[in-house]
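Enquirer: Reminder that position 50 of the sequence shown reads as 79 in my numbering, one-by-one numbering, no gaps.
For each residue, glycine too, the CB sits at the ideal point set by N, CA and C.
Every value quoted in this text rests on a predicted model; they were computed, and no experiment measured them.
Before we start, here is the structure in question, set down as structure tokens.
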Amino acid sequence: MRHIAACRNARLPGGRREFRLGGMAVGWVAPALAARLLAFRDMRAEGDAIALAAPARLPEIAAELAGEGLFSWRDEAFDVRAEPTGRVLTTVDRGALPAFGLRAEGVHVNGLVRRGDAVFLWVARRAMDRPLDPGKRDHLVAGGIPAGFTPWQTLLKEAAEEAAIPAALAAKAQPVAIISYVMERPEGLRRDRLHCFDLALPEDFMPRAADGEAAGFELWPLAAVLDAVMSGDEFKFNVTLVLIDLFLRQGLIDPASADGRRLRAALADT
Numbered sequence: 030m031r032h033i034a035a036c037r038n039a040r041l042p043g044g045r046r047e048f049r050l051g052g053m054a055v056g057w058v059a060p061a062l063a064a065r066l067l068a069f070r071d072m073r074a075e076g077d078a079i080a081l082a083a084p085a086r087l088p089e090i091a092a093e094l095a096g097e098g099l100f101s102w103r104d105e106a107f108d109v110r111a112e113p114t115g116r117v118l119t120t121v122d123r124g125a126l127p128a129f130g131l132r133a134e135g136v137h138v139n140g141l142v143r144r145g146d147a148v149f150l151w152v153a154r155r156a157m158d159r160p161l162d163p164g165k166r167d168h169l170v171a172g173g174i175p176a177g178f179t180p181w182q183t184l185l186k187e188a189a190e191e192a193a194i195p196a197a198l199a200a201k202a203q204p205v206a207i208i209s210y211v212m213e214r215p216e217g218l219r220r221d222r223l224h225c226f227d228l229a230l231p232e233d234f235m236p237r238a239a240d241g242e243a244a245g246f247e248l249w250p251l252a253a254v255l256d257a258v259m260s261g262d263e264f265k266f267n268v269t270l271v272l273i274d275l276f277l278r279q280g281l282i283d284p285a286s287a288d289g290r291r292l293r294a295a296l297a298d299t
């Protein structure tokens, strides 16, 4: 519950002003950014909201703000929608998403190995040069969904890039959950929606950090992963939510128990 509460620590508006694109509410901006936005042409106040009539202008505005040091430029475009399944209004650099309080989508893959009755999980260690949470434990495969990609396409891309998993093997992944949360972070407001998958891997498969985002991989008994999540903060903040769902589905936490029901209800409410 501590991990779930940490990922659900935002209360909107929380002093922020609604941000609109083409008349549709898409995000939330802090007062300082709201004041800066009003200096741009096409940006105007609509009551308590900040509105940009031309969504196509957002990438240009975000690039200028990144150049001013308001947030880090990630050089990776993400789709911007008013609703998770709505039409794409525009794209914006990934680094701008928390500053504007825009929704982001990602994939997380539980890389599982079974040895008899025992279940193991491949655990990554994030490289120390990662912009967020360097050195933390992570999933075997996880990544944001870039502009124009589906969750499935992102899974196959990230599996190859992060852990050198062949496409034919990665394609055996099974969707198991969608988990969302709204979180205050140092980089801003994260409104994330995670598409979660289980991938059964053969015992002889060895992941390789193909793109350097992971410093390495270790195969942990799932019970040891549970102990680590319960006792500390070794894992990246949002990885813990996906793991709690895994513990419940694998029976390490009895989903029918009082604690299990409480956790399941909390996850469903994120």
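Smallest Cα separation from residue 207: which of 266, 271 and 38?
Expert: The option with the nearest alpha carbon to residue 207 is 271.
Enquirer: Quick one: is residue 38 buried, meaning 16 or more other Cβ sit within 10 Å of its Cβ, or exposed?
Expert: The residue in question, residue 38, is exposed, as its Cβ has fewer than 16 Cβ neighbours within 10 Å.
Enquirer: Given a cut-off of 7 Å, decide if residue 242 and residue 187 are closer than it, judged by their beta-carbon atoms.
Expert: Not closer than 7 Å, so no.
Enquirer: Mapping DSSP to helix, strand and coil, what is residue 249?
Expert: Strand.
Enquirer: Specify, as a first and last residue, the run of the alpha helix (DSSP H) that residue 181 falls within.
Expert: Residue 181 -> alpha helix (DSSP H) spans 180 to 192.
Enquirer: Which residues share a DSSP beta bridge with residue 107?
Expert: Looking at the DSSP assignment, residue 107 forms a beta bridge with 121.
Enquirer: Using only the alpha-carbon positions, how far apart do residue 142 and residue 171 sit?
Expert: The straight-line gap from Cα to Cα measures roughly 17 Å.
Enquirer: Taking contact to mean at least 3 C-beta pairs separated by less than 8 Å, is the stretch 132 to 146 in contact with the stretch 228 to 237?
Expert: Touching, yes.
Enquirer: Do residue 32 and residue 136 have their CB atoms nearer than 7 Å?
Expert: No, Cβ-Cβ distance for residue 32 and residue 136 is not below 7 Å.
Enquirer: Given this structure, state the Cα-to-Cα distance separating residue 131 from residue 250, to the nearest angstrom.
Expert: Distance between the alpha carbons of residue 131 and residue 250 is about 36 Å.
Enquirer: Do residue 199 and residue 185 have their C-beta atoms within less than 7 Å of each other?
Expert: Yes; because the gap between Cβ atoms is below 7 Å, this pair is in contact.
Enquirer: So, using beta-carbon positions, are residue 88 and residue 51 closer together than 7 Å?
Expert: Contact flag unset, no.
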